[in-house]
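A.B. asks: Going by my numbering, the sequence shown opens with residue 447, and the numbers climb by one from there.
A virtual CB, placed ideally from N, CA and C, is assigned to each residue, including glycine.
One structure is given below, represented as structure tokens, and several questions about it will come after.
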Amino acid sequence: MEQFNGKSIYNGIAIGRILFYSKNQQQVKRNKVEDVEEEIARFESAKAKAMEQLQELYAKAVEEVGESNAMIFEVHSMMLEDEDYNESIYNIIRNEEVNAEFAVATTGDNFSTMFAEMEDEYFKARAADVKDISERVIAVLTGLEGEAGLGDEPVIVVAEDLAPSETVQMDKSKLLAFVTRLGSSNSHTAILARTMNIPALIGVEISEAWDGKMAIVDGKQGVLFVDPDVATLETYMEKRKREDAQRELLLQLKGQPDVTKDGRHIHLYANIGSVADVANVHANDAAGIGLFRSEFLYLEKDHYPTEEEQFQVYKTVVQNMPGKKVIIRTLDIGADKQVDYFEMEQEENPAMGYRAIRICLDRVEVFKTQLRALYRASAYGMISIMFPMVISVSEVRRIKEICEEVKRELSDSDIPYGDVELGIMIETPAAVMISDLLAKEVDFFSIGTNDLTQYTLAIDRQNPKLDNIYDAHHPAMLRMIQMVIDNGHKENCWVGICGELGADTTLTERFVRMGIDELSVAPSMVLPLRNIIVNMSVD
Ligand code: PEP
Ligand code: MG
């Protein structure tokens, strides 16, 4: 047994096998093979499976985004049948006596370089497609197919680092825990781990040789055991049982209102990143959704999600939350959340750069597409919209103008929409300092303590070296929160917290006494917070 220390991102115990996750392109190794015909047969059967997948994708895409957008999967099927492409793979396997994965990867690289060098724009654009189909076949060959390829059994994912776009594509039912060498506790990958309720560690000196080995992740102590001995395994199974029992106790609080002993009602909501998280919201009995990070929808895709695609997602979420508030935040990309198809330029300081509402007010069509989808979905439930990274009153006025335009266009086309509350995130010191003015413009404030801490303390939330001084309890933060609550209340604007600090149980009583109206936290933190609220008095 070996033991490694790391930094805990999220509590809990996971026991299972390790899957060493590396980016697809890096997974292909060149191996000599004895039987080349067997290797060709492996390629043929992987190709058949890839074809099936493409047909399924085509059918799904026709339904969701229409026939013309679905055509790309037809093109991929045709490419996979292409004679030159197939011949190149056979030749490499036979002549070099190598594995099919290597032959497919080499052919994919060669063909895509060849396409990329062509003059004709159509063929140029096929470079990415040929890479894509090759990666699909390789994923089938290596058994790493499916959403970010986790295989059939639930696994502990060990990786050098995980980008939010990779995490969001993983099949959550197959994930027991994350362990990475890089990353910081305030990054979005860490936030996703908390939202998904899975133990996670960062800062662990990982090794590829662990792939397939049994392991235990102790998210509380920040320890990873590789190849645990029987005694350790038994101890942890026992610990896990005790944790489950504590959880059972908390579950008894389900159905209880979030009211203090002396009658103050707090809205206890949950943060989500996808439709799949809604089940967790119900399992933990949150009274609503206080932050739906809509950008994960954009991160999962390799193209701009269409209005229809977005509408379906928002509609599904509200329909699954009947009678409950769902606050959807508009696109908040930039910094650690990079989306290739936005084609953004490299920046010196991305956290302070072209991001969030700044992009939306610059690329108004992208913004309006999302707003149209949101307003259309508002006809099916209680949607509120909130805007990230606001720094000025003029931004809010421009946002409201665009919302009015969208509503007008929908009315002109006889498309129904409901009453929608508008709010802003308070996550820049500028927004705090003018919160008296901003409160006159909107229905609610939601304090984003993750970014507010970063910008107030001038500490990059992504930098693991600064993790120990990234102090969300700093008196500057607590004063700011009080100021925002007071300024909001003077203008009848309710105030919540949706950053990670909202889930800090050492501050819950204090926040309630400060006058907070709402706390929106990872679903698994709802009941621990309720436990505090129902047992406290404000005075
Ligand atoms: C925040 O900054 O506190 C917040 C909730 O937004 P995000 O973590 O997605 O930046
Ligand atoms: Mg933020």
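#1: Please confirm whether residue 493 and residue 583 have their CB atoms less than 7 angstroms apart.
#2: If you follow the alpha helix (DSSP H) that residue 935 is part of, which residue opens it and which one closes it?
#3: How many angstroms separate the CA atom of residue 979 from the CA atom of residue 709?
#4: Counting by C-beta, which residues lie closer than 7 angstroms to a heavy atom of ligand 1, in chain order?
#5: Under 8 angstroms: do the stretch 760–773 and the stretch 737–745 share three or more Cβ pairs, one atom per stretch?
#6: How far does the alpha helix (DSSP H) with residue 808 in it extend, from its first residue to its last?
#7: When the Cα of residue 745 is compared with those of 634, 663 and 690, which residue comes out closest?
#8: On the DSSP bridge assignment, give the partners of residue 621 in chain order.
#9: Taking the C-alpha atoms as reference points, what is the distance between residue 622 and residue 529?
#10: Alpha carbon to alpha carbon, what distance is there between residue 674 and residue 450?
#11: Where residue 561 and residue 568 are concerned, what is the direct C-alpha to C-alpha distance, given to the nearest angstrom?
#12: With a threshold of 8 angstroms, are at least 3 pairs of Cβ atoms found where one atom belongs to the stretch 951–969 and the other to the stretch 903–912?
#13: Start and end of the alpha helix (DSSP H) containing residue 542?
#14: Counting only the same chain and skipping the five closest in sequence on each side, list residues whose C-beta sits under 8 angstroms from that of residue 556.
#15: So residue 891 and residue 872 are supposed to be a Cβ contact under 8 angstroms. How far apart are they, rounded?
#16: Return the CA-CA distance between residue 688 and residue 666, expressed in angstroms with no decimal places.
#17: State the DSSP-derived secondary structure class of residue 593, mapped to helix, strand or coil.
#18: For residue 664, report the span of its beta strand (DSSP E) as first-last.
#19: In angstroms, rounded to a whole number, what distance separates the CA positions of residue 471 and residue 644?
#20: Any idea what DSSP makes of residue 861, helix, strand or coil?
#21: Between residue 967 and residue 572, what straight-line distance do the alpha-carbon atoms span, to the nearest angstrom?
#22: Does DSSP classify residue 650 as helix, strand or coil?
#23: May I ask you to list the residues that DSSP assigns as paired with residue 626?
#24: Between the stretch 637–656 and the stretch 452–465, can you find at least three pairs of beta-carbon atoms closer than 8 angstroms?
#25: Closest by CA to residue 719, which one among 944, 566, 963 and 939?
#26: Which ranges does the beta strand (DSSP E) cover as unbroken runs of at least 3 residues, wholly within the stretch 733–782, from first to last along the chain?
#27: Check whether the stretch 876–887 and the stretch 835–851 touch, using three or more Cβ-Cβ pairs below 8 angstroms as the test.
#28: Would residue 948 pass as a contact of residue 963 if the rule is Cβ separation under 7 angstroms?
#29: Would you mind giving the Cβ-Cβ distance between residue 685 and residue 586, rounded to the nearest angstrom? I have them listed as a contact below 8 angstroms.
#30: Would you kindly check if the distance between the Cβ of residue 844 and the Cβ of residue 868 is under 7 angstroms?
#31: For a test of the three-state rule: what should DSSP assign to residue 631, helix, strand or coil?
#32: Out of 729, 831 and 886, state which residue places its alpha-carbon closest to the alpha-carbon of residue 864.
#33: Could you tell me if residue 886 is buried or exposed, where buried requires 16 or more neighbouring beta carbons within 10 angstroms of its beta carbon?
#34: Check for me: the beta strand (DSSP E) holding residue 692 runs from which residue to which?
#35: What residues are listed by DSSP as bridge partners for residue 868?
#36: What would DSSP say about residue 955, mapped onto helix, strand or coil?
C.D. replies: Reading off the structure:
#1: yes
#2: 921–936
#3: 10 angstroms
#4: 634, 637, 737, 739, 778, 834, 871, 873, 894, 895, 896, 897, 898, 944, 945 and 946
#5: yes
#6: 802–808
#7: 634
#8: 601
#9: 42 angstroms
#10: 12 angstroms
#11: 9 angstroms
#12: no
#13: 529–542
#14: 534
#15: 5 angstroms
#16: 14 angstroms
#17: Only weak support exists for where residue 593 lies, its pLDDT of 49 falling under 50; the value from the coordinates is given anyway. Of the three classes helix, strand and coil, the one that applies to residue 593 here is coil, per DSSP.
#18: 660–664
#19: Because the pLDDT of residue 471 is 48, which lies under 50, any placement of that residue in the model is unreliable, and the number read from its coordinates should be weighed accordingly. So the two alpha carbons sit approximately 27 angstroms from each other.
#20: coil
#21: 43 angstroms
#22: coil
#23: 605
#24: yes
#25: 944
#26: 734–739 and 771–775
#27: yes
#28: no
#29: Not a contact, Cβ separation roughly 38 angstroms.
#30: no
#31: coil
#32: 831
#33: exposed
#34: Where residue 692 is concerned, there is no enclosing beta strand (DSSP E), although the alpha helix (DSSP H) it sits in stretches over 676–697.
#35: 831
#36: helix
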